[in-house]
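Listed in order, the protein sequences are those of chains Z and R.
When we follow our numbering, the leftmost residue of the first sequence carries the number 1, and every step to the right adds one.
When we follow our numbering, the leftmost residue of the second sequence carries the number 1001, and every step to the right adds one.
Built from N, CA and C at the ideal position, the CB exists for glycine as well.
Protein chains: 2
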Amino acid sequence: MINKYIETLQKHGLKRTPKRLEVLRILSEESAYISPQKLHVLLKEKFLKIGLPTVYRILQQFQNIGIVTSIQQDDNQLYYYLCDCVEKHHHFICRKCHKVSCLTYCDFDNIKQLVADQLDSLAETHVLQIEGLCKECLES
Amino acid sequence: MINKYIETLQKHGLKRTPKRLEVLRILSEESAYISPQKLHVLLKEKFLKIGLPTVYRILQQFQNIGIVTSIQQDDNQLYYYLCDCVEKHHHFICRKCHKVSCLTYCDFDNIKQLVADQLDSLAETHVLQIEGLCKECLES
DNA sequence: TTTATAAACGAAAACCATTTTCATTTAGAT
DNA sequence: ATCTAAATGAAAATGGTTTTCGTTTATAAA
Chain Z
1 MINKYIETLQ KHGLKRTPKR LEVLRILSEE SAYISPQKLH VLLKEKFLKI
51 GLPTVYRILQ QFQNIGIVTS IQQDDNQLYY YLCDCVEKHH HFICRKCHKV
101 SCLTYCDFDN IKQLVADQLD SLAETHVLQI EGLCKECLES
Chain R
1001 MINKYIETLQ KHGLKRTPKR LEVLRILSEE SAYISPQKLH VLLKEKFLKI
1051 GLPTVYRILQ QFQNIGIVTS IQQDDNQLYY YLCDCVEKHH HFICRKCHKV
1101 SCLTYCDFDN IKQLVADQLD SLAETHVLQI EGLCKECLES
């Protein structure tokens, strides 16, 4: 599974460095979104010397090449999660455990049409963030 | 038009201060989203002494009582715009002139159902941000 | 395998939006 | 007119994120 991401790295001219690989490993084993700070703590378990700027750089690069997505929570902080995003879809985020789940849903074609009809405007991008309680958190 | 917002202020126990009224006036004459910094500059044209913390406090309070909405742009900054939001709807934002337009559209009922069906989860909130080019910016 | 080079990285500081603290002022009720 | 909680200004603090720059490393070519 990680191999697919490594290919994406190389396709975009990003070198295959130990730190990038470890970030991929951590993110792929994590079902919840994660803060750069927490990722930094996890990375320090493996690397004696790794700075927070490196973590930020890696996350930004990964976001640029489309293998991570960032979300902004109410605390005005960025969080990140891994998603290949091959097909258009959205994510459901549990506000309690922070788990991110893919939702087979995207209404952008409809939205584009409505924006054209109602506003004579051109919709180019959209971001949909859905939050609530996941199955496990509902049961507990 | 502003009167409605003033009522909302008082309904929520916020005093009718000159600075809050001026913020309402500026926002109601502004069709684009605005940064706290720019709002501060505009407010200083009328008030000799007004601090940035006051601007932030007013915007947060207005957001709490539902008369302004905040959005986060790629520069990691918060911007604000006025909207009464009486009915469920979303906004279209022009990425060039930053104008905010209401769009008669909300698919949340459907989303709730899909989240229940696909994930056995409960969708509680959603944020949809639609960006593109408005009519004027398309023509120019 | 060695070498060359651009990319990656660490350390430290800078940046800057936002928040907090606290003393003073003010809006609105009595 | 008086009172009191809310609002505000000033200054500093906070803290997430970015920049700078010198050093190291991944990778391709020799």
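Among the options, which residue has its Cα nearest to the Cα of residue i?
i	options	result
I1130 of chain R	Z:Q129, Z:E124 and Z:I130	Z:E124
H12 of chain Z	Z:R57, Z:H89, Z:L27 and Z:N64	Z:N64
C83 of chain Z	Z:T54, Z:Q10 and Z:F92	Z:F92
L122 of chain Z	R:K1096, R:E1045 and R:D1120	R:K1096
G66 of chain Z	Z:G132, Z:E139, Z:E7 and Z:E136	Z:E7
L1027 of chain R	R:E1139, R:L1059, R:L1014 and R:V1115	R:L1059
S1031 of chain R	R:Y1079, R:D1117, R:L1114 and R:K1019	R:Y1079
L1119 of chain R	Z:L119, Z:G132, Z:D120 and Z:L128	Z:G132
Of all Cβ atoms in chain R, is any one closer than 8 Å to the Cβ of residue i?
i	result
L39 of chain Z	no
S101 of chain Z	yes
L42 of chain Z	no
L138 of chain Z	yes
Note down the Cα distance separating residue i from residue j, rounded to an integer number of angstroms.
i	j	result
K1112 of chain R	E1022 of chain R	39 Å
V1041 of chain R	T104 of chain Z	45 Å
D1107 of chain R	Y1081 of chain R	22 Å
C102 of chain Z	H89 of chain Z	7 Å
K4 of chain Z	E1087 of chain R	44 Å
L1043 of chain R	K99 of chain Z	42 Å
K38 of chain Z	L52 of chain Z	10 Å
F62 of chain Z	V68 of chain Z	6 Å
H142 of chain Z	L1009 of chain R	The structure shown does not extend to residue 142 of chain Z, since chain Z is modelled only from 1 to 140, so the question has no answer here.
C94 of chain Z	I1071 of chain R	21 Å
L24 of chain Z	K49 of chain Z	18 Å
S35 of chain Z	D74 of chain Z	13 Å
K135 of chain Z	N110 of chain Z	29 Å
E1045 of chain R	T54 of chain Z	43 Å
F47 of chain Z	C1137 of chain R	49 Å
M1 of chain Z	Y1033 of chain R	42 Å
K1019 of chain R	E1029 of chain R	15 Å
A1147 of chain R	E1139 of chain R	Residue 1147 of chain R lies beyond the stretch modelled for chain R, which goes from 1001 to 1140, so this question has no answer here.
R1016 of chain R	Q1077 of chain R	28 Å
L1114 of chain R	L128 of chain Z	14 Å
Y1056 of chain R	L14 of chain Z	40 Å
Any beta carbon of chain Z sitting closer than 8 Å to that of residue i?
i	result
F1092 of chain R	yes
Y1105 of chain R	yes
Quiz item: Listed from N- to C-terminal order along the chain, which residues in the segment 1112-1134 of chain R have their beta-carbon within a distance smaller than 8 Å of any beta-carbon of chain Z?
Solution: L1114, V1115, Q1118, L1119, D1120, S1121, L1122, A1123, E1124, T1125, H1126, V1127, L1128, Q1129, I1130, E1131, G1132, L1133 and C1134
Quiz item: Just by C-beta distance, which residues in the segment 1047-1075 of chain R are closer than 9 Å to chain Z?
Solution: Q1072
Quiz prompt | alpha helix (DSSP H) runs wholly inside the segment 1034-1088 of chain R, at least 4 long, in chain order | solution = 1036-1044 and 1052-1064
Self-check item: Unbroken stretches of the alpha helix (DSSP H), 4 residues or longer, contained in the segment 99-135 of chain Z
Solution: 108-119
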